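One structure is given here, and the rest of the page talks about it.
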Amino acid sequence: MAPAVLSDFVSWPGVATLAFSTVFYWLSNRSGQKAKELESVPHLNGLWELGKLLESSSSSSSSSSSSSGGKGARSSLASVSGRVCSETPLKCENVPDLGVIHRSITKEVFMKKNDKGEWKRDNSTVTDFTRETQWHLEDGGGKAKVHVKDGKGATGLQLKAVFIGFESEGSSAAGSDGSDISIAANLIKAGADFWQGVKKIGTEKSEGILPLGTTVTCVGEVSKQVSSSPASSWSGSTNDYVLQRPIRGPFYITTQTMPELIQSLSRSSKRWLYVGLGFTCLGSYLIGRKLFKAVMVEWRKKQFRDAIRKKREGGGEEEEEEEKTTEKTCVACMENKYDTVFTNCGHMCMCYACASKTNGKCPICREPSPYKRVYEA
1 MAPAVLSDFV
11 SWPGVATLAF
21 STVFYWLSNR
31 SGQKAKELES
41 VPHLNGLWEL
51 GKLLESSSSS
61 SSSSSSSSGG
71 KGARSSLASV
81 SGRVCSETPL
91 KCENVPDLGV
101 IHRSITKEVF
111 MKKNDKGEWK
121 RDNSTVTDFT
131 RETQWHLEDG
141 GGKAKVHVKD
151 GKGATGLQLK
161 AVFIGFESEG
171 SSAAGSDGSD
181 ISIAANLIKA
191 GADFWQGVKK
201 IGTEKSEGIL
211 PLGTTVTCVG
221 EVSKQVSSSP
231 ASSWSGSTND
241 YVLQRPIRGP
251 FYITTQTMPE
261 LIQSLSRSSK
271 RWLYVGLGFT
281 CLGSYLIGRK
291 LFKAVMVEWR
301 KKQFRDAIRK
311 KREGGGEEEE
321 EEEKTTEKTC
331 VACMENKYDT
341 VFTNCGHMCM
351 CYACASKTNG
361 KCPICREPSP
371 YKRVYEA
């Protein structure tokens, strides 16, 4: 008998499933940490509370660094809400909507021929760029403004889709200069693409913006805006602040409120956790089933070897009885007596329970054959 190898005991699909579960656990832990970070960030009811927050942060930092002679910190993590405003808003290319962050995507849509000769719809991105103008937040009181820097790189930013248009290939060709050279070039290009299994359909354009007047929640590092005038100081009368990405910490811009954002991250963490638990249970089941079957096979082989050894050591009538019993043993399970015959070939070597699992093939000659159970008198 061949010695057992590692693959007989280890279920590699089960191991792969457990590996996938670790990925889901990591995603769950990541979302949970983000939710805890946001819970630790102070949320302000109005922009006018920024002055008090920065003063308290500066005084606490000054007292902690007074022994080293350092200056107090003039920035702090905070969550603020307000309306989007700008003196120089951006205008969309195809619609008259105004916003502070504008994203334009151009995709080339075409039919591609696969290996089976079937034409499938596909697309590729030609251009994808995002613009941002100077903008700030206001809460309606007019007492403070929060200027946002590099908002297009914030997490959770969802732009409003204001335009989705499609221009077919025929209309784009008709919109060219109409010269013979241009028409010939387009025909040659279309023929070359078709020869390579690509047929261009047209161009899809989409635009998204963060509109003016939208109420958003921003999380980041807030500091007092430093005026270019040398006479201005930290305690000046200006109420302009700057919100930007911190060196370490969250940076969010979202239309959700702070409680909704935290709840959304918590739900994501639980969802990934449950998926990870499901993959863990499935992987454990696959590994356990393979291990149980391998152990049972080894146990049956050991029982068979012990029976052969005892037969060789013994003799007489007991040996003859054991030989008769062994001769009538099922070749598959090696436990029950064979009681099933394959009618086409006449081989009788299996019990009925094992024969029903062979899909109607004799284990000796491998020929398909119906089988019948034989009862001894």
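UniProt numbering applies: residue 1 is where the sequence shown begins, and numbers increase by one.
We put the CB at the ideal spot given by N, CA and C, even for glycine.
Please read all numbers here as calculations on a predicted model, not as lab measurements.
Using a Cβ-Cβ cutoff of less than 8 Å, which residues in the same chain neighbour residue i once the five nearest sequence positions on both sides are dropped?
i	result
L38	S79, V219, P250, Y252, M258, L261, I262 and L265
S168	I201 and G202
G32	L265, S266 and S269
T88	T133 and Q134
A353	C333 and N336
D115	none
Y338	K328, T329, C330, V331, M348, C349, M350 and C351
Per DSSP, what kind of secondary structure is residue i in: helix, strand or coil?
i	result
V126	strand
Y252	strand
P368	strand
R267	helix
K302	helix
K328	coil
K357	coil
F279	helix
C362	coil
S66	Annotation note: pLDDT 47 at S66 (below 50); position unreliable, no value reported.
D339	coil
S223	strand
S168	strand
I201	strand
R30	helix
R373	strand
S7	helix
S229	Residue placement at S229 cannot be trusted, given a pLDDT of 46 that sits under 50; what the coordinates show is reported in the next sentence. It is coil, neither helix nor strand.
Name, in chain order, the residues that DSSP records as bridge partners for residue i.
i	result
V23	None, per the DSSP bridge assignment.
F163	E207
T217	S81 and T254
Y352	Answer is none; Y352 lacks a bridge partner.
residue 417	The question about residue 417 has no answer, for the chain in this structure spans 1 to 377.
D240	K145
H347	Answer is none; H347 lacks a bridge partner.
T155	Y252
Looking at chain D, is there any beta carbon in it that lies within less than 8 Å of the beta carbon of residue i?
i	result
K270	Judged by its chain identifiers, the structure shown contains no chain D, having just a single protein chain.
Suppose the cutoff is 7 Å on Cβ atoms and the five residues either side in sequence are ignored; what does the same chain contact list for residue i look like?
i	result
C345	C362, C365, E367 and S369
K310	none
G276	S21, F24, Y25 and S28
G288	none
G208	R103, L159, K160, A161 and V162
V198	F110 and K112
A154	F251, Y252 and I253
S75	E221, V222 and S223
C92	H102, V162, F163, E207 and I209
Q244	K149, D150, G220 and E221
Leaving out the 5 sequence neighbours to the left and right, which residues in its chain are closer than 6 Å to residue i when beta-carbon positions are compared?
i	result
S81	T217
P109	Position check: residue 109 holds Val in this sequence, whereas Pro was assumed. These residues qualify, in order along the chain: N123, I201, G202 and E204.
T215	R83
V374	D339 and V341
V242	H147, S223 and Q225
N359	none
K34	L265
- Query: Fully enclosed by the segment 71–151, which alpha helix (DSSP H) runs are 4 residues long or longer?
  - Reply: none
- Assess, as a yes-or-no matter, whether the segment 153–166 is touched by the segment 92–107 under the definition of 3 or more beta carbon pairs within less than 8 Å. yes
- the segment 102–117 in contact with the segment 125–142 per 3-pair CB rule at 8 Å: yes
- Message: Does the contact criterion of 3 or more C-beta pairs under 8 Å hold for the segment 7–25 versus the segment 41–54?
- Response: no
- Query: Using 8 Å as the Cβ pair cut-off and three pairs as the minimum, do the segment 39–47 and the segment 297–308 touch?
  - Reply: no
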